[in-house]
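Enquirer:
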Amino acid sequence: MSFLTRAFVTATVERAVKTFAQSLAALLAASGAGLLAVPWLTTLSVAGTAAVVSVLSSVASSGVGHPGPSLASEGVEAAPAAVPAVARAA
Numbered sequence: 591m592s593f594l595t596r597a598f599v600t601a602t603v604e605r606a607v608k609t610f611a612q613s614l615a616a617l618l619a620a621s622g623a624g625l626l627a628v629p630w631l632t633t634l635s636v637a638g639t640a641a642v643v644s645v646l647s648s649v650a651s652s653g654v655g656h657p658g659p660s661l662a663s664e665g666v667e668a669a670p671a672a673v674p675a676v677a678r679a680a
């Protein structure tokens with residue numbers, strides 16, 4: 591199963607965390623309420639639901655197209671072991 595690889599799980603978790611954060615930010619901005627007046631339980635619940643949908647979407651698309659959690663042409667690649675240092679110009 592292609593969705594049980596470490597790279598796939600890492601990419602899926604990253605997508606879910608980003609989706610949660612983006613949903614939370616959108617809900618906070620749209621509410622127009624102050625930080626203390628926000629209905630936190632509802633807001634966190636909706637953002638959490640968006641993250642769950644993101645994970646389900648990634649799993650559902652795991653067997654389609656390129657390897658990875660996306661239906662787009664991006665694939666899951668292993669990260670380089672180390673980033674080479676860039677020489678500074680004198």
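Numbering follows the numbering used here, with no gaps: position 70 of the sequence shown is 660.
Heads up, the beta-carbon is just placed ideally off N, CA and C, and yes, glycines get one too.
(1) In angstroms with no decimal places, state the Cα-to-Cα distance between alanine 641 and valine 599.
(2) In the structure shown, what three-state DSSP assignment does serine 652 receive?
(3) Three-state secondary structure (DSSP) at threonine 595?
(4) Of the residues Val643, Ala627, Val628, Ser651, which one's Cα is nearest the Cα of lysine 608?
(5) Helix, strand or coil: how does DSSP classify glycine 531 here?
(6) Grab me the residues of valine 645's own chain with a C-beta within less than 7 angstroms of its C-beta, minus the 5 sequence neighbours each way, in chain order.
Expert: Inspection of the coordinates gives the following:
(1) Cα to Cα, alanine 641 sits roughly 14 angstroms from valine 599.
(2) Serine 652: coil per DSSP, three-state reduction.
(3) Coil.
(4) Of the candidates Val643, Ala627, Val628, Ser651, the one whose C-alpha sits nearest the C-alpha of lysine 608 is Val643.
(5) Because the chain here runs from 591 to 680, residue 531 falls outside it and cannot be looked at.
(6) Once the five neighbours on either side are set aside, the close Cβ partners of valine 645 are Thr602, Ala606.
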